[in-house]
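Report on one structure; see the data block that follows.
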Amino acid sequence: MHQGSFKSIFVMGLALLLLSACGFKLRGNVELPPILQDTYIESKNPFTGMARSLRSELKMAGANVLENKEAATAILVIHQESSENRVLSVGSTGKATEYALHDEINFSLQDAAGKTLLAPQTLRQARDLVFDQNQLLGKLSEAEGIHRQVRASLARQVIMRIAASVGKQP
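Take the sequence shown: its position 87, counted from the start at 1, is 87 in UniProt numbering, and no numbers get skipped.
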């Protein structure tokens, strides 16, 4: 074995040891509390991007997302959600050159009897987008992709918040 390859293997091994020693681990699925095994998502519009993201993230975490509220053990209520683009900067031509893409959700959790397990809470995220008028279609597509990523991230945060809060309750 070459001296250089031994050295690089040693350095990689040392880096892995340091990462594991500091507690770093790849993001995995959230361990759902038992009450979330059969979840119904209540929303004014169940076909919004946020409702779809929550449905998808819950399924990936191992929950059954039900279409029938009566069979559910938990009801995730989406009180309000919003998605908007705010102008951050304007170029010399007076056209927007940078946007802040904001997504927000207000939600709560109830058990099957309607008892509140988690009071209404709001989560929000924003990401910046540099906008080029010469690449209009590409930038519009990029903006929608960013909103999709933010909604997925917010959906994971909702699930983690519920798991952390409801998991501690008796």
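Note that beta-carbon positions come from the ideal geometry of N, C-alpha and C, so glycine has one too.
Could you spell out the range, first to last residue, of the alpha helix (DSSP H) harbouring residue i?
| i | result |
| --- | --- |
| serine 56 | 49-60 |
Using the Cβ count rule (16 or more neighbours within 10 Å means buried), how would you classify residue i?
| i | result |
| --- | --- |
| residue 173 | Residue 173 lies beyond the stretch modelled for the chain, which goes from 1 to 170, so this question has no answer here. |
| leucine 36 | buried |
| residue 171 | Residue 171 lies beyond the residue range present for the chain, which begins at 1 and ends at 170; the question has no answer from this structure. |
Since residue i is in the beta strand (DSSP E), which residue starts that stretch and which ends it?
| i | result |
| --- | --- |
| serine 83 | 74-90 |
| alanine 96 | 96-111 |
| threonine 122 | 116-130 |
| glutamate 42 | 38-43 |
| asparagine 64 | 64-66 |
Is there a Cβ of chain D sitting closer than 9 angstroms to that of residue i, yes or no?
| i | result |
| --- | --- |
| isoleucine 159 | In summary, chain D is missing from the structure at hand, where a single protein chain is found. |
Could you round the C-beta distance between residue i and residue j to whole angstroms and report it? I think they count as a contact, below 8 angstroms.
| i | j | result |
| --- | --- | --- |
| isoleucine 159 | glutamate 57 | 6 angstroms |
Between the stretch 91-105 and the stretch 113-128, can you find at least three pairs of beta-carbon atoms closer than 8 angstroms? yes
Does the count of Cβ pairs from the stretch 57-76 and the stretch 153-164 closer than 8 angstroms reach three? yes
If you pair each beta-carbon of the stretch 69-81 with each one of the stretch 35-45, do three or more pairs fall below 8 angstroms? yes
Three-pair Cβ contact test at 8 angstroms for the stretch 106-113 versus the stretch 139-152: Counting C-beta pairs with one atom in each stretch, the stretch 106-113 and the stretch 139-152 have fewer than three that are closer than 8 angstroms, which means they do not touch.
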